[in-house]
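Working notes, beginning with the structure itself.
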Amino acid sequence: MAKAQIITGLDIGSSNIKLLVASKKDDEPDFKVLFQGEEPSLGVRRGVVIDTERVSRLIQILVDKARSEIGQKINSVFINIGGSHLFCTRSRGMVAVSRADRNISREDVERVLQEAVKAVSLPSNNEPLETVPKEFIVDGIGEIKAAEGLQGSRLETEVLILSSFAPYKNNLVQAVLEANLQVLDVIPSSIAAAFAVLSQKQKEIGTALLDIGAGTSQLAVFREGDLADLAVFPIGSANITSDIAVGLRTD
Numbered sequence: 024m025a026k027a028q029i030i031t032g033l034d035i036g037s038s039n040i041k042l043l044v045a046s047k048k049d050d051e052p053d054f055k056v057l058f059q060g061e062e063p064s065l066g067v068r069r070g071v072v073i074d075t076e077r078v079s080r081l082i083q084i085l086v087d088k089a090r091s092e093i094g095q096k097i098n099s100v101f102i103n104i105g106g107s108h109l110f111c112t113r114s115r116g117m118v119a120v121s122r123a124d125r126n127i128s129r130e131d132v133e134r135v136l137q138e139a140v141k142a143v144s145l146p147s148n149n150e151p152l153e154t155v156p157k158e159f160i161v162d163g164i165g166e167i168k169a170a171e172g173l174q175g176s177r178l179e180t181e182v183l184i185l186s187s188f189a190p191y192k193n194n195l196v197q198a199v200l201e202a203n204l205q206v207l208d209v210i211p212s213s214i215a216a217a218f219a220v221l222s223q224k225q226k227e228i229g230t231a232l233l234d235i236g237a238g239t240s241q242l243a244v245f246r247e248g249d250l251a252d253l254a255v256f257p258i259g260s261a262n263i264t265s266d267i268a269v270g271l272r273t274d
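Here it is, written out as structure tokens:
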């Protein structure tokens, strides 16, 4: 009998902090939700953690609730990152194919992606989060989605690099670490939202996904199956609610 893998996701937002615990067996196609809970957010402003101690305490409350409900200890989580400090940069990279038979290996693909990241001059206080290949180019022939296994002498790529303000990311990670949890990965919120609500066909034909949070709104544009652009605006549903209250003169 296949053993179930426990996967935990943590969403730290301006309005709420949410925790989802799910399990999946190798022989089953779907996830089974074991726990979902949320706590009103404190210490987060416009998607940015400004008080790690407060956020850490709320995370620990959710983790304790989950442990009591499912009867298992939670040691690690996937977390999201949002906020207007996220931005996109386009870049290109090029490497020579390493194998004598000219077959492009996984290592060649990883090297050319690394070269594309190195080619970008980011501010010293920014760091890459995600590298999204737009296309691969083999010996001058472009519009290739997957280069591994093809033959050629020169491999190039055009990528979209998602970056964040490093101190804000560090605050986010620190809050989770203070709750005695290991961070498995930090995923941009718009990327996570796209996996949840968009089909591959929608990404292929072209779709703009607007994710309106309490403190920020994130716009992700997909074209030909891949992320084409990303923008984060420092306004959210809380601003809309406030404007309505002012307009109607309500308390």
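Basically this note's numbering = 1-based index in the sequence shown + 23. Just so you know, even glycine gets a beta-carbon here, dropped at the ideal spot from N, CA and C.
Only exposed fits Glu51, as fewer than 16 other CB atoms lie within 10 angstroms of its CB. Of the other Cβ atoms in all chains shown, 16 or more fall within 10 Å of the Cβ of Phe245; this residue is therefore buried. With the rule of 3 Cβ pairs closer than 8 Å, the stretch 63-75 counts as touching the stretch 229-249. Between the alpha carbons of Lys41 and Val155 lies a gap of roughly 27 Å. Between the alpha carbons of Ile127 and Asp266 lies a distance of about 56 Å. Cβ-Cβ distances below 7 Å link Ile93 to Val44, Leu57, Phe58 in the same chain, with the five nearest sequence neighbours on each side left out; the list follows chain order. When only Cα atoms are considered, Ile210 and Arg134 end up about 22 Å apart. Under the 10 Å beta carbon count, Ile228 is surrounded by fewer than 16 other beta carbons and is classified as exposed. The three-state reading of DSSP puts Ser212 in helix, counting H, G and I together. In this structure, Val132 and Ser114 do not form a Cβ contact; the two beta carbons are roughly 15 Å apart against a cut-off of 8 Å.
Residue range 75-93 is occupied by the alpha helix (DSSP H) that includes Thr75. The residue among Phe218, Lys47, Val86, Phe110 with its C-alpha nearest the C-alpha of Ser99 is Val86. Distances from the CA of Thr112 to each of Leu233, Leu185, Lys224 were compared; the closest alpha carbon is that of Leu185. Excluding sequence positions up to five before and after Ile160, its CB lies within less than 6 Å of the CB of Glu179, all in the same chain and listed in chain order. Secondary structure note for Gln28: its beta strand (DSSP E) is the uninterrupted segment 28-35. Short of 7 Å from the beta carbon of Gln137, and not among the five residues preceding or following it, lies no beta carbon of its own chain. DSSP places Val132 in the helix class (H, G or I) of the three-state scheme. In the DSSP assignment, Leu195 falls within the unbroken alpha helix (DSSP H) covering 189-201. Nearest in C-alpha terms to Asn103, of all of Gly165, Lys192, Asp74, Leu200, is Lys192. Apart from sequence neighbours up to five positions away, the residues of its chain that approach Gly172 with a beta-carbon distance below 8 Å are Asn126, Ile127, ordered along the chain. Per the coordinates, the alpha-carbon of Ser91 lies some 56 Å from the alpha-carbon of Gly175.
Between the C-alpha atoms of Asp49 and Gly60 there is a straight-line separation of about 26 Å. Taking 3 residues as the shortest admissible run, the stretch 231-273 contains the following complete beta strand (DSSP E) segments, listed from N- to C-terminal end: 240-246, 249-256. In the DSSP secondary-structure assignment, Pro146 is not bridged to any residue.
Rounded to whole angstroms, the gap between the alpha carbons of Leu109 and Phe188 is 7 Å.
For Glu227, the enclosing alpha helix (DSSP H) has its first and last residue at 223-228.
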